[in-house]
Structures are given as C-alpha cells and as structure tokens.
Amino acid sequence: MKRFLSLVVALTMVLAPMSAFAATSNSINKVPKVADDHKFKLAEAPILRIEEDNDNEFDGLDSTKLDDDKQVFRLTLENAEWNEDEFESNFSKNSEGYYVLSGGSYTNRNTDTANNAVFLKKIGKKTVEAVVYGDNTDDSSIWFKIPMLVEMKGEGEAKVTVEQRDSLVSSGTYTFAIGAGGDTIATIDDVEEFTDTVTIDDIRIDETSAGAIDGPTNYIKLKLPSDFEWYTTPSTSDIVCTAGLDKANAEDVEKEDDRTLKIKIKDIEDKDSRSTRGTIYIKNLQITAKKDADFGDVEVSISGGDGISDSDLVVAKYCDYDVTVKADGEPKELVAGEWDSDYKDDKFELQTLVIEEKVANAWLGERKTRIEFPSWVKILGVKYENDSEDVGTLKGFPVEDGDLTRGNAKEFLENQKDDNYVEFTAPDKSKTEEGELYLTFYVSVEAGHSGDITAKVTGRSLPDDYEVVLGKAVAPVKVKAEGAEVRTGIKEQEIGDITITETVKEAIKKADLKIVLDDDVYWTDVPKIEVVKGNLDLDVEGAKVDDNILTIPVDSESTKPSTIKLSNIKVDLNRVVAEGDIKVKIQGDAVVENYSDDSKKLDNGYFDEDTAAETVVATVITPADRDTRARAEVKFQIGSKEYQVGDEIRTADVAPYIKDGRTMLSVRFVAEAMGVPSENIVWNGEARTVTIFKGDRIAQLTIGSNILTVNGTKVVMDTVAEIKDGRTMLPIRFIAQALGADISWDGSTRTVTIK
C-alpha cells in the first residue's frame, strides 16, 4: 500500500503543471512624494531593480538557443499610468514594438550585444510586457533596471506589481511614489515632546513638481496655535534651498507677531527652466509654551505665495512631566506552584517591564521607585541584560551602566529578592535625554492562584502611580467531581467520578500526586485510576491510601495535556463530619513545588499553601454528633393510628397492637416521634435491615431475626421483628432500649408513654 501511495504522489508531481521557482530580488530605489498628477521624467523617476538571487538563475538548459534564457513578465500599475511620451522621447522601438532600454544604465549583461537591454511593450494604460535575457558566461548575478516613467493619477500610494507568469522573476507589489494634492508638501522627521521650550526638527517643504514654487521671489508663513510662541527668530542662513531651488536664497526672516514667522525667498529660477523638484529646509526653530497652553500636539499652519500650498503640520507635543510604564510585549503565562533553584527559565519569566520618561527629568532622582507584585507572587531574581541590550541600565542618567543606587544594580536588586517588591533610587543629576529602564523579573506564584500578575509602579520619584500586567497565572490542573449525597457514620459509601485535567503539558511533575479528602472522610480503598487523555504516565500499581489521602506516584511527565479519571470511589465517614460540602484537594510535589512549612524556606520563594486545586466531591445530608430533635413526651394508644407528640396529634399508617403479650409499635414512627430525622432511618431492602442513627447511637435490626444490634453490641430479643402493612414492627421495650428512652404503660387507657 505504501509503495502504491508513493507512486501516486510521484505521478501527481510529474503530471501536474508546475510554475517556475522565483529567483530574483526586486526593489525600488526611492519613494518620492509628488503632485497627484505628476509626470515623471527619466532623470527623476524611481527605479525598479530586478536582480538574480544567484548567478545564472536565468540561464537556460541549452545555451546554443537564443531564446533559451528569455524571461517574459508583466508590470501593472496602481494609481498611475505609463507615460508613453516619455518612453518615446528617450528610447527607440525594435521591429516587434518593444522599447529598447540598452546600455549599462539598465543592465550589467554584456556578452550578447543584441540582448544587452530591457525590452518593454505597452499593452494597456497600466500594463507593460517586459523581456530580459539571462547569461551563463559572467561570474556575477545579472540585474536589470526599469524606470517608472508614469503619470500619477490621484493622491495616495502609486504601486507597480511584478507578475511572474512563466519567468523566473519573483512576483511582488512595490510602492514607488506617493501622490499628494497641492504644489508643495510640508513634512518633519521627528515630533519632539517638551514641557517648556523646544528646538524642533527641520521643517521640509518639497515641490510636488519641478517649478511648482513661483518666482523670482516668494514667501512662507509659519503660524503657531494660541498660547505658543516662537522663542527665537532663525537667521537667513537657517533657510536652505536645494535641488531645483538651489539658486534661491532667503532674503529675510521676520517675526510678524509672537506666533507668526514670515520667510522671504529670492532668486528663484523661472519654472520653465527647472527640470528638478526643489526643497526648502527651515532649521533651528524654537517654540515655547505660555502659561495656559493646552497639552497635546502643536500644529504649525503653513501658507505662502504662489505655489506654496496651505497645510497644517504637527511639529511638537507639549507634555506635562510624565512617565510611560508598559510591558514590552504580551503578558507571559506562568503555572502556579512551580519552583526551581535554577529560576532563570522561561517558566518563571515575566514580560519585561519598561519605564520611560516622555520628557527628560520627569522621573525624579533621589526619591524611591517601588515595583510591587500581588502578595501571592515572590521575586526570585531580576534579569539585567540579554543578548542585545543591557536590561537594567538607566538610559539617560549620567551614571555607569546598571547604577541604580550609586552602587551596583545587580547586587542591590539581588538583595531584595524573595519578597513581592523591589525599591531603588535613581541618581539626582540633570539629564539631557529621556531616561529608560528595562527590568525582567523571575517570580514564583503561590499555588491556588490564577489571573493577572500586575506590577504596581509607584513612588515619590514618579508623577503618578502605574499598573501594568506582566503575566498571567494559571493553575497546573483543574478538578471536577460528579458529586454525591453521603451520610455520617457509614462506611463504603459510593461517590461520583473525579477528573483531574492538566491545563498545560508537563503541569503534573514526576513526583507524588496526592488526592486529599476533608478530615474524618476516608478512602475505603484505592479507586480505579486511569489516564483517559494525553500521555501522562502514572504508577497505578504503586497508588495507596492513608486515611483521607490517596497518593499516586507519577512515573513521567506528559507531552500533551492529560486527564486523570478516578472511578469506583468509596469513602468512609465517621460520626463527627459536619453537614454540608466535602471537598477534594489536589496536592503533592507533583503539582505544588513551592510549598513548605519551614519558615526559612518561605524567604526563598516558597509559600505555605499546598493545594493546587479543589472542588466539592460530596455533600453530607445528616447532622454530625447532634442529639435528636427536641424531645417531647410521646403517647401511643393500642388500636389507634393517632398518636400524640407533646401537644401535637399525628397520624401513623399502622396502629399499635399487642402480640404474645408484647405491645408492637412501628419503629419509624416511634423514632421520628422521638426527634430522629427520617433520613437517619435507613431501610435496606436487599438485606431487609433497618438502621437508626440517633446521636451517638446506631441501632440495626433484621426482619425475621431476634437480634438487635446497638453500637455493635448484639441484644437478643424474645421475639422477631416483623413487617405489617409495610412497616417494621418491634416490641416497644426493645425500641426504647435501642433509642435510650424510658417508657410507661397505662392499662386502663391501653396507652404507652415514651419519655
């Protein structure tokens, strides 16, 4: 069968049509911002470069055939159209209608003069067919360059898609220009944040087409929002004209008012004589905030003469002294209860905490910063560096790397381990750049906890209190039980199945797993133990019970989350178990490694919690060690179904009678009349026994037998228990003996009184 399948696969690969493997690296040399109707000329057009990944990728199988290394592919435009006029002006066509882009500017192919070119044929407004040829004689990879001679057709990105077809050219889509409305585009590289005064980055004003800015003179206005003003007036030397405007100069820079600068430009060449787009740089601009300035973006309104497009440009951000506290990625998942002396492992590692100043000196020195985790988390250690950076260095603080307390950061933080917080003090020295701190914590999580592991970053050094989630705690296992109702003082009571499910693989370690019931509830015997899902390996034969503890040795850990099922469970309850829920707890070194009752270990990442998970496994429905309900005088009259409990008249379904000189009464009605709850009177139809629980007394009798057992002691009766009208009947003297009551007989009224 395997040979047949192999043959089918092989034939499928032979017979199925196959596309060529892509073998080139494609790139665009620049992405200019231009007018949304700009027509690129050859001198300024972006270039699409296509290069073999390896030498001779384009080489054919038969070098004697001219077209054996021919590669044909397509170029399709988005938001642009091919400008055939520009092709006509710069290139000739061959007999097949292809424009021939030949020479060293367009290819490094040099072995066959006829094919040392890129061949392009326009087949639609947006599509050209391209042809190039390979070469097997050169020792270097071949490259080809295709100028984007296009006309922009709107605002936004202009893209070219390379369609591989049957060639070895890699497919892909590449942005080569961005169309913008207007004659000029204003940009700034970096938006500075400041609290008082700032020198902003250079403002750059680009023509979207050559000659867009009219001359011979022109001007630019820069206006700030209210409550901000220009701190200084730049000089004419701070205005730099380049490229197509390189002959122009700043004539004057004046402050029209505190918010407005006017820059006069002279010596602008006639636009018809310029073939290259020009750029004006405005440098050394300083802004200051007034008293009532609003925090947020500072936007400069730009306007000017002919060809200077109106625009608004965000140049800075006005901030209060502030600090950013964040996680350097998504919270990491940690399993509660795990511990190892070698804690530098992913299973103890939280996401890196990042503290950054938005502006220099927002984070005050000589004051404490505190990083605190929940009380159920203890710090095992702190990572200071990784493969790429120092992770404990206070960037921006003029101190040696890692110096958090004018000492050694590693020593300082190591001394603060084993608690749920660290504190440190940054040096109080002026800084010219924003400070940054990166810390990665290794922690131990107390068993029984789950949820977010949140770091609270506080202190008088910071402008505010911060909280950031660095991890999520999960329990190693989940436990479920079907539940059952049980009674006190009875052995071998069956309860429902228990399932223990790992939340992640390897959550249950190679150690003892302990399944613990509440005190005074005991395992009758080892139940049936199975791994019903996953590949956890248990030593089932080595499982044992000791009172309320079932211990299961784990031979090997799982590679898939596994589920353990306990079934055929029987338990023994003594008489002191309280009414209500009985819980089962999952404990042991297999699921809780960081538990200890040694106070010294509690200072080393340990906790005094030993339970990984728990649930209700059964419910006690009888009272424990409770004497019967309040006892009242009870009277039965021979031949009457009515009987009296205190002042209350009740009705039985069987009347008392006399047999062989004995007064026969219903066991159930007598017991209930004496305050024994009905649930404490248990009938076993199979064994034909009646068991009565009253306080510390347990009485049991068997139909047809003359033996009455009281707390394990056998009492011989002079008659046998019998059933009449569905009720178990006994002489009153023996019922009274069993329940610890006194009786009296009134022959005149034929009445029995029980006290």
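Just so you know, the sequence shown maps onto residues -22 to -1, 1 to 733 in mature numbering (1 follows the signal peptide of the UniProt record, and there is no 0). C-beta atoms are modelled at their ideal positions from N, C-alpha and C, and glycine is treated no differently.
On the CB-based measure, 16 or more other CB atoms within 10 Å of its CB, does residue i come out buried or exposed?
i           : result
Thr641      : buried
Asn572      : buried
Thr466      : buried
Asp298      : exposed
Thr211      : exposed
Trp661      : exposed
Ile124      : buried
Thr371      : Residue placement at Thr371 is poorly supported in this model, since its pLDDT is 45, which falls under 50; the coordinates still yield a value, given next. That one is buried.
Glu30       : buried
Ala608      : Low local confidence applies: a pLDDT of 41 at Ala608 is under 50, so the model's placement there is unreliable, with the coordinate-based value given in what follows. Exposed is the call here.
Tyr111      : buried
Pro376      : Confidence at Pro376 is low in this model, with a pLDDT of 38, below 50, so the placement of that residue is unreliable and no value is reported for it.
Glu650      : buried
residue 734 : Given that the chain is displayed from residue -22 to residue 733, the structure contains no residue 734 and the question cannot be resolved.
Ala714      : buried
Val554      : exposed
Ala665      : exposed
Glu480      : buried
With C-beta atoms as the reference, is residue i less than 8 Å away from residue j?
i      : j      : result
Ile198 : Ile178 : no
Phe18  : Val128 : yes
Met130 : Asp245 : no
Ala716 : Ile659 : no
Gln49  : Leu146 : yes
Asp192 : Thr214 : no
Thr359 : Tyr416 : Note that residue 359 is Gly in the sequence shown, not Thr. Not closer than 8 Å, so no.
Tyr209 : Ile265 : yes
Thr706 : Val668 : yes
Glu334 : Glu414 : yes
Ile507 : Ile486 : no
Pro505 : Ser540 : no
Asp397 : Lys434 : no
Val249 : Val218 : Reading the sequence as shown, one finds Lys at residue 249 and not Val. Not closer than 8 Å, so no.
Lys619 : Ala633 : yes
Glu135 : Asn57  : yes
Alpha carbons only, please: which of the options is nearest the one belonging to residue i?
i           : options                        : result
Gly520      : Ser439, Asp490, Glu535, Thr541 : Asp490
Lys511      : Val523, Thr477, Ile493, Leu551 : Thr477
Glu535      : Lys522, Asp524, Lys483, Leu544 : Lys483
Gly429      : Leu146, Ala108, Leu239, Ser353 : Ser353
Phe712      : Lys702, Thr173, Val12, Thr687  : Thr687
Gln329      : Ala271, Glu335, Gly449, Ala108 : Gly449
Asp167      : Lys733, Leu291, Tyr621, Thr418 : Leu291
Val549      : Glu592, Leu516, Val499, Lys522 : Val499
Ile431      : Glu401, Ile636, Leu312, Ile333 : Leu312
Gly159      : Ala13, Asp575, Gly189, Ala190  : Ala13
Leu55       : Gly256, Glu66, Ile101          : Ile101
Arg252      : Tyr259, Gly222, Ile260         : Gly222
Gly82       : Glu62, Lys104, Phe122          : Phe122
residue 734 : Glu472, Met695, Leu53, Thr731  : What the structure shows of the chain is the stretch from -22 to 733, and residue 734 is not part of that stretch, so it cannot be assessed.
Asp275      : Thr173, Lys225, Phe351         : Thr173
Asp631      : Asp625, Arg646, Asp638, Gly639 : Arg646
Glu59       : Glu66, Glu22, Val106, Glu463   : Val106
So residue i and residue j are supposed to be a Cβ contact under 8 Å. How far apart are they, rounded?
i      : j      : result
Thr85  : Asn94  : 6 Å
Ala314 : Gly426 : 7 Å
Val595 : Val623 : Not really, about 37 Å apart at Cβ, beyond 8 Å.
Glu557 : Val598 : 5 Å
Met126 : Val138 : 7 Å
Ser683 : Val698 : 6 Å
Phe206 : Arg237 : 7 Å
Measuring only from the beta carbon, is residue i closer than 7 Å to any heavy atom that is part of the ligand MN?
i      : result
Leu448 : The ligand content of the structure shown is nil, which means the ligand MN is not present either.
In the DSSP assignment, the alpha helix (DSSP H) including residue i goes from what residue to what residue?
i      : result
Arg646 : 645 to 651
Ile710 : 710 to 717
Glu185 : Careful: Glu185 lies outside any alpha helix (DSSP H), inside the beta strand (DSSP E) at 181 to 185.
Glu62  : 62 to 68
Taking the beta strand (DSSP E) that residue i falls in, what are its first and last residues?
i      : result
Asp15  : No beta strand (DSSP E) contains Asp15, which DSSP labels as neither H nor E.
Ala1   : From DSSP, Ala1 is part of no beta strand (DSSP E); its letter is neither H nor E.
Leu544 : 541 to 545
Glu519 : Glu519 -> no beta strand (DSSP E), and no H or E assigned at all.
Trp723 : 721 to 724
Met130 : 128 to 130
Lys637 : 635 to 637
Ser279 : 274 to 282
Leu415 : 414 to 423
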